[in-house]
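A.B. asks: Residue numbers (the UniProt record's numbering): 1 to 332. The structure that follows is given in the form of structure tokens.
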Amino acid sequence: MGDGKGLQIGQYASVAADINAGENSHLLIGYNRGNESWENTRKCTVNDNSGVTNCSQPTLSDKELANLPYSTLTGDIHLDKNAALTLGKALYTGAVKAATDSTFSMASNSKWVMSSGSTTGTLKMAPGASIVLSDSTQNNVLNVMGDLEGEGEFELNTRLAEKSGDSIVVHGLASGSYTLKVKDNGGDPVQDGRMQALMSFNNPQQDFSLVNVALAGGYADIGTYRYRLTRQENGYMLYNPVIPWQPLEPAKPNPDTPETNPSGISLTGTLETCSKQELSCRIAYSNADIEFFNRIYHTDILNFYLFRTLNEVWALRIDGGQNIKESTRMDH
């Protein structure tokens with residue numbers, strides 16, 4: 001496409017091609033109704049007798065739009081200065097390389113599947129728009145060199161066992177609400193305290209009160225761990241806030257400096273309702289000192305399980321080596 005030119009891939013179309021859009025050009029893929037005239041899908045007919053072409057900009061009802069099949073484009077797109085790309089009801093598969101001052105707009109029923117790492121200028125997403133950063137065989141980075149605006153969903157693949165994954169990096173200013181849908185394709189991750197970056201905002205002028213980022217469903221279950229989203233400095237990270245269970249070690253009391261229960265937690269109810277494996281996760285917190293926890297609660301735990309074991313043994317009496325009858329339990 002030359003400078004200042006336009007191209008439309010309309011309804012029912014399926015195209016496989018690479019597209020280079022020159023300066024101030026515009027590209028529309030799939031049915032769309034937009035603010036600018038060129039963002040509206042045109043329907044043209046040619047009179048076979050006169051050769052006259054008539055074009056209109058039809059408006060589909062919600063029902064007609066829902067029943068309309070997706071237009072498809074497969075191939076890479078290059079956007080030059082001030083070029084604009086609009087994705088209507090379409091499925092686009094490919095990579096984008098765009099100038100910082102270009103614009104990529106996605107309608108509410110559009111979907112982009114990235115075939116490799118991509119760079120956009122300003123990225124505008126309508127509610128319901130979706131970007132899939134990669135398939136399960138690779139990890140890609142989406143660099144938004146301009147601003148990020150609107151509301152949409154990003155689907156990311158991770159390999160936490162290998163400490164790698166897809167990520168989004170915004171270099172301009174971001175505003176709006178975005179959902180991150182995470183799928184892990186590796187083995188069980190190792191709990192070494194590291195976090196996995198999903199979305200970063202590199203502009204020092206970024207106002208985080210203007211942007212909301214959340215995990216789909218509120219968490220991601222990966223291997224045997226449940227991960228959540230947290231903001232660290234300039235971005236959002238995937239992390240596991242629960243300390244994995246560690247076996248208790250024998251207590252090493254120091255009579256000169258006796259330690260007391262700092263939390264005031266009663267262990268009786270907790271021990272009755274949870275296993276020893278769950279105990280440290282229920283009482284400890286994300287940065288707890290496990291050794292200190294062991295020293296404080298070790299004696300109580302041993303006494304509880306010793307008492308319960310003796311009580312259960314006393315309640316069983318062997319009758320002639322054949323029958324086991326329940327007797328009166330110890331009354332303590």
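Virtual Cβ for every residue (Gly too), placed ideally from N, Cα, C.
DSSP state of Asp184, grouped into three classes?
C.D. replies: Asp184 falls in the strand class under three-state DSSP.
A.B. asks: Restricting to Cα atoms, I'd like to know which of Thr86, Ala174, Tyr31 and Ala99 is closest to Ala66.
C.D. replies: Of the candidates Thr86, Ala174, Tyr31 and Ala99, the one whose C-alpha sits nearest the C-alpha of Ala66 is Tyr31.
A.B. asks: Can you give the beta carbon distance from Thr74 to Ala129, rounded, assuming they're within the 8 Å contact cut?
C.D. replies: The Cβ separation is near 19 Å, so there is no contact.
A.B. asks: Please report the distance separating the alpha-carbon of Ser167 from that of Ala220.
C.D. replies: Their backbone Cα atoms lie some 16 Å apart in a straight line.
A.B. asks: What does the Cβ neighbour count give for Phe208, buried or exposed, with the cut at 16 atoms within 10 Å?
C.D. replies: Classification of Phe208: exposed, given that the 10 Å Cβ count is below 16.
A.B. asks: Go to Glu64, then tell me how far its alpha helix (DSSP H) extends in each direction, as first and last residue.
C.D. replies: First-last of the alpha helix (DSSP H) with Glu64: Asp62 to Asn67.
A.B. asks: Among all the DSSP beta bridges, which residues are the ones paired with Asp221?
C.D. replies: Its beta-bridge partners are Arg226.
A.B. asks: Tell me the DSSP secondary structure of Ser130 in three-state form.
C.D. replies: Strand.
A.B. asks: Pick out whichever of Gly146, Thr120, Ser115 and Leu123 has its Cα sitting closest to the Cα of Gln138.
C.D. replies: That would be Ser115, whose Cα lies nearest to the Cα of Gln138.
A.B. asks: Which residues does DSSP pair with Ala21 in a beta bridge?
C.D. replies: According to DSSP, Ala21 bridges with Leu79.
A.B. asks: What whole-angstrom Cβ distance do Met126 and Ser108 have, given they're in contact under 8 Å?
C.D. replies: The identity of residue 126 in the sequence shown is Ala, whereas the question assumes Met. Confirmed, Cβ separation roughly 4 Å.
A.B. asks: For Ser50, is the classification buried or exposed, using 16 other Cβ atoms within 10 angstroms of its Cβ as the cut-off for buried?
C.D. replies: Result: exposed.
A.B. asks: Do you know offhand how far Thr120's Cα is from Leu60's?
C.D. replies: Their Cα atoms are separated by approximately 30 Å.
A.B. asks: For Ile29, which of Lys5, Leu148, Thr72 and Ala21 has the nearest alpha-carbon?
C.D. replies: Looking at the Cα atoms, Thr72 is the closest of the given residues.
A.B. asks: From which residue to which residue does the beta strand (DSSP E) around Leu210 run?
C.D. replies: Unbroken run through Leu210: none, as it is neither H nor E.
A.B. asks: How many angstroms separate the CA atom of Asn40 from the CA atom of Gly218?
C.D. replies: Approximately 37 Å between the Cα atoms of the pair.
A.B. asks: Find the nearest neighbour of Thr230 within the set Met195, Gly2 and Lys163, judged by alpha-carbon distance.
C.D. replies: Considering only alpha carbons, the answer is Met195.
A.B. asks: When you compare the CB positions of Leu123 and Leu156, do they come within less than 8 Å of one another, or not?
C.D. replies: For Leu123 and Leu156, no; Cβs fall outside 8 Å.
A.B. asks: Within the same chain, show all residues whose beta-carbon is closer than 6 Å to that of Ile131, passing over the 5 residues directly before and after it, in chain order.
C.D. replies: Cβ neighbours of Ile131 beyond the five flanking positions: Trp112 and Phe154.
A.B. asks: Once you ignore the five residues that flank His26 on each side, which residues in its own chain have a CB closer than 6 Å to its CB?
C.D. replies: Once the five neighbours on either side are set aside, the close Cβ partners of His26 are Gly6, Trp38 and Ala84.
A.B. asks: Buried or exposed for Thr224, going by 16 or more other Cβ atoms inside 10 Å?
C.D. replies: Flag for Thr224 reads exposed.
A.B. asks: Please confirm whether any heavy atom of the ligand COA lies closer than 7 Å to the CB of Gly146.
C.D. replies: With respect to the ligand COA, the structure offers nothing, as it holds no ligand at all.
A.B. asks: In or out: Glu149 buried (at least 16 other Cβ within 10 Å) or exposed?
C.D. replies: Glu149 comes out buried.
A.B. asks: Check whether the Cβ atoms of Pro189 and Leu160 lie closer than 8 Å to each other.
C.D. replies: Closer than 8 Å, so yes.
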